[in-house]
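> Sharing a structure with you now.
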Amino acid sequence: MSMVVFSNKRISLSYNLFFSVGIIAFFAGVNLCLLFLLSIGRLNCDMNDPGAHAIYAMPHVWCPAHGDARGSGLHRVLSEFPPGQLVIDVGAYDGKEAIEYASAGHNVLSFEPTPSKSANIKRKIRNADLEDKITFYPWAVSDRSGEAPFVVNVGVHLENGKWAINEGEEKNPETMGSEQDGFRVPWSHENSTTVNVKVEKLDNVVPRDKFVLFMKVDSQGHDFKVLKGADRLLSEHRVAVFSAEISPGLMEGGAKEGLDMLNYIASKGYRCYGCHTSFETGFRFGLPVPFSMWTQHLGTLKFEHRGANHGQWDDIVCVSKKASEVFSGRM
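The structure is reproduced here in structure tokens:
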């Protein structure tokens with residue numbers, strides 16, 4: 001609930017209503033709290049949310065670059081911490097980010113299950129002379145240990161408005177692979193194949209005495225299961241900051257699974273921020289967007305890929321309530 005207090009009288013309204021009214025007011029060039037304070041002088045606006053009682057910077061420097069030619073700001077940020085911290089890279093793809101984290105002076109655990117990508121990643125690590133900094137696992141990360149079927153796709157590109165297979169690509173699990181490889185895909189498997197890959201929980205990989213400075217999760221709709229496999233790490237606040245992706249179109253449970261994921265993260269004592277969010281309106285005006293509103297909106301957005309509705313996605317950055325101890329140098 002949001003609450004407006006005037007003298008001894010309280011007016012309560014749902015946050016969704018407060019949010020909607022706030023946006024309308026901002027569009028009109030009016031800040032509700034400021035207007036009342038100026039005209040009456042005795043108004044206090046209490047959002048009834050811990051965020052109203054602290055200043056939170058939007059941590060875009062922690063957000064994934066996703067191929068941005070300018071690169072990621074993470075290297076600079078990670079370089080400001082004492083070297084030798086532990087960083088986790090789930091969904092390494094081409095190994096670029098793992099190398100970025102390691103070149104900032106830290107030790108990296110990197111995971112990528114697509115068979116064809118493993119040799120390329122290992123070669124890049126070797127060429128960068130970072131084999132002592134990066135431990136690479138050709139595994140998938142999940143909420144259980146064992147093996148699981150994993151969909152690997154032939155690479156494609158847009159050609160005259162249609163998806164075409166990249167030149168030289170063939171349906172061979174040893175050579176094929178794309179950015180969209182994952183446990184679940186919404187398109188036809190005509191240009192895909194399924195392989196069995198090893199899956200493991202992060203709680204079984206990260207030593208009990210280790211603290212994780214930063215963790216990147218990008219697993220094409222499998223992020224919730226990755227986080228549940230790190231339940232002990234998150235419950236003990238042994239991850240200071242992590243990024244993850246909400247992708248209703250790739251999640252088995254759709255927008256509901258995205259909502260469950262956010263509620264799970266919040267239950268562990270983490271506060272989440274939007275990166276290049278598709279829900280621009282609220283964030284532009286500094287208004288926190290309720291989880292349910294955010295995931296429902298995200299679930300309605302379409303993105304056509306390989307002849308199917310892939311759905312839109314958003315990156316989030318989540319910060320532990322104990323992260324201030326880390327950032328103040330008390331690690």
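Each residue of the sequence shown is one higher than the one before, starting from 1 at the first, in full-length UniProt numbering. All residues carry an ideal CB built from backbone N, CA and C; glycine is no exception.
1) For the stretch 93–112 and the stretch 121–131, state whether three or more C-beta atom pairs, one from each stretch, are separated by less than 8 Å.
2) Between proline 82 and threonine 193, what straight-line distance do the alpha-carbon atoms span, to the nearest angstrom?
3) From the DSSP output, which residues share a beta bridge with threonine 135?
4) So, under 8 Å CB-CB, proline 64 and serine 219 are touching, yes? Tell me the CB distance rounded to an integer number of Å.
5) With a floor of 4 residues, list each alpha helix (DSSP H) that falls wholly inside the stretch 183–238, ordered by position along the chain.
6) To the nearest angstrom, how far is it from the Cα of valine 4 to the Cα of valine 217?
7) With burial defined as no fewer than 16 other Cβ atoms inside 10 Å of the residue's Cβ, what is the status of threonine 114: buried or exposed?
8) Around the C-beta of glutamate 80, are 16 or more other C-beta atoms found within 10 angstroms, so that it is buried, or is it exposed?
9) Residues in its own chain within less than 7 Å of alanine 323 by CB, not counting five upstream and five downstream?
10) Buried or exposed: serine 235, going by 16 or more other Cβ atoms within 10 Å of its Cβ?
11) What whole-angstrom Cβ distance do valine 151 and valine 226 have, given they're in contact under 8 Å?
12) Give the range of the beta strand (DSSP E) segment to which lysine 260 is assigned.
13) Quick check on the burial criterion: 16 or more other C-beta atoms within 10 angstroms. Buried or exposed for serine 328?
14) To which residues of the same chain is tryptophan 313 closer than 6 Å at the C-beta, ignoring the five residues directly before and after it?
15) Quick one, are the C-beta atoms of glutamate 112 and glycine 146 less than 8 Å apart?
16) CB-CB under 7 Å to serine 39, same chain, minus the five flanking residues each way: which ones, in chain order?
17) Does the distance from the CB of leucine 213 to the CB of glycine 258 come in under 8 Å?
18) Taking the beta carbon of serine 267 as the centre, do at least 16 other beta carbons fall within 10 Å, making it buried, or is it exposed?
19) Between the Cα of methionine 293 and those of Lys117, Lys256 and Leu74, spot the shortest distance and give me the residue it belongs to.
20) Report all residues from its chain with a CB closer than 7 Å to the CB of residue 375; omit the five preceding and five following residues, and keep chain order.
21) Grouping DSSP H, G and I as helix and E and B as strand, with all else coil, what is glutamate 80?
22) My understanding is that histidine 106 touches glycine 84, with C-beta atoms under 8 Å, so please give their C-beta distance in whole angstroms.
23) Would DSSP call valine 326 helix, strand or coil?
24) Helix, strand or coil for alanine 69 per DSSP?
25) Grab me the residues of aspartate 209's own chain with a C-beta within less than 7 Å of its C-beta, minus the 5 sequence neighbours each way, in chain order.
26) Using a Cβ-Cβ cutoff of less than 8 Å, which residues in the same chain neighbour isoleucine 121 once the five nearest sequence positions on both sides are dropped?
Let's see:
1) yes
2) Taking the first residue of the sequence shown as 1, we reach residue 82 at position 82. Taking the first residue of the sequence shown as 1, we reach residue 193 at position 193. Distance between the alpha carbons of proline 82 and threonine 193: 43 Å.
3) For this step, residue 135 is matched to residue 135 along the sequence shown. DSSP, once it has assigned bridges, lists Leu109 as partnering threonine 135.
4) Mapped onto the sequence shown, residue 64 falls at position 64. Mapped onto the sequence shown, residue 219 falls at position 219. So it is not a contact: roughly 12 Å between Cβ atoms.
5) 223–228 and 231–235
6) Here residue 4 is taken as the residue at index 4 of the sequence shown, counted from 1. Here residue 217 is taken as the residue at index 217 of the sequence shown, counted from 1. Confidence at valine 4 is low in this model, with a pLDDT of 43, below 50, so its placement is unreliable and no value can be given for it.
7) Taking the sequence shown and counting its residues from 1, one reaches residue 114 at position 114. By the 10 Å Cβ count, threonine 114 comes out buried.
8) Locating residue 80 in the sequence shown gives position 80, counting from the first residue. Glutamate 80 should be labelled exposed.
9) For the purposes of this step, residue 323 is taken as the residue at position 323 of the sequence shown. Hits under 7 Å: Ala240 and Val241.
10) Within the sequence shown, the letter at position 235 stands for residue 235. The residue is exposed, with fewer than 16 neighbouring Cβ atoms inside 10 Å.
11) Here the question's residue 151 lines up with position 151 in the sequence shown. Here the question's residue 226 lines up with position 226 in the sequence shown. Between valine 226 and valine 151 the Cβ distance is about 17 Å, and since that is not below 8 Å, they are no contact.
12) Within the sequence shown, numbered from 1, the residue matching residue 260 stands at position 260. One detail in the question is off: residue 260 reads as aspartate in this sequence, not lysine. That residue, aspartate 260, is in no beta strand (DSSP E); its alpha helix (DSSP H) goes 254–267.
13) In the sequence shown, counting from the first residue as 1, residue 328 sits at position 328. That one is exposed.
14) Reading the sequence shown from its first residue, position 313 is the one you call residue 313. Hits under 6 Å: Glu245 and Ser247.
15) By 1-based counting over the sequence shown, the position of residue 112 is 112. By 1-based counting over the sequence shown, the position of residue 146 is 146. Result no, Cβ atoms of glutamate 112 and glycine 146 do not sit closer than 8 Å.
16) For the purposes of this step, residue 39 is taken as the residue at position 39 of the sequence shown. With a pLDDT of only 45 at serine 39, under the threshold of 50, the placement of this residue in the model should not be trusted; the figure read from the coordinates follows. Once the five neighbours on either side are set aside, serine 39 has no close Cβ partner at all.
17) Reading the sequence shown from its first residue, position 213 is the one you call residue 213. Reading the sequence shown from its first residue, position 258 is the one you call residue 258. No, these two residues do not count as a Cβ contact at 8 Å.
18) Residue 267 sits at position 267 when you count from the first residue of the sequence shown. Serine 267 is exposed by the Cβ-count criterion.
19) Position 293 of the sequence shown, counted from the start, is the residue given in the question as residue 293. When each option's Cα is compared against that of methionine 293, the closest is Lys256.
20) The question about residue 375 has no answer, for the chain in this structure spans 1 to 331.
21) In the sequence shown, the residue the question calls residue 80 occupies position 80. Coil at glutamate 80, not helix or strand.
22) Taking the sequence shown and counting its residues from 1, one reaches residue 106 at position 106. Taking the sequence shown and counting its residues from 1, one reaches residue 84 at position 84. The Cβ separation is near 7 Å, so the contact holds.
23) One-based indexing of the sequence shown puts residue 326 at position 326. Note: valine 326 maps to helix in three-state DSSP.
24) Taking the sequence shown and counting its residues from 1, one reaches residue 69 at position 69. Residue placement at alanine 69 is flagged as unreliable, the pLDDT there being 37, under the threshold of 50; the coordinate-derived value follows with that caveat. Three-state DSSP puts alanine 69 in coil, outside helix and strand.
25) Counting from 1 along the sequence shown, the entry for residue 209 is found at position 209. Correct list: empty, nothing qualifies.
26) In the sequence shown, counting from the first residue as 1, residue 121 sits at position 121. Cβ within range, chain order: Ala92, Asp94, Gly95, Ala98, Ser110, Glu112 and Phe136.
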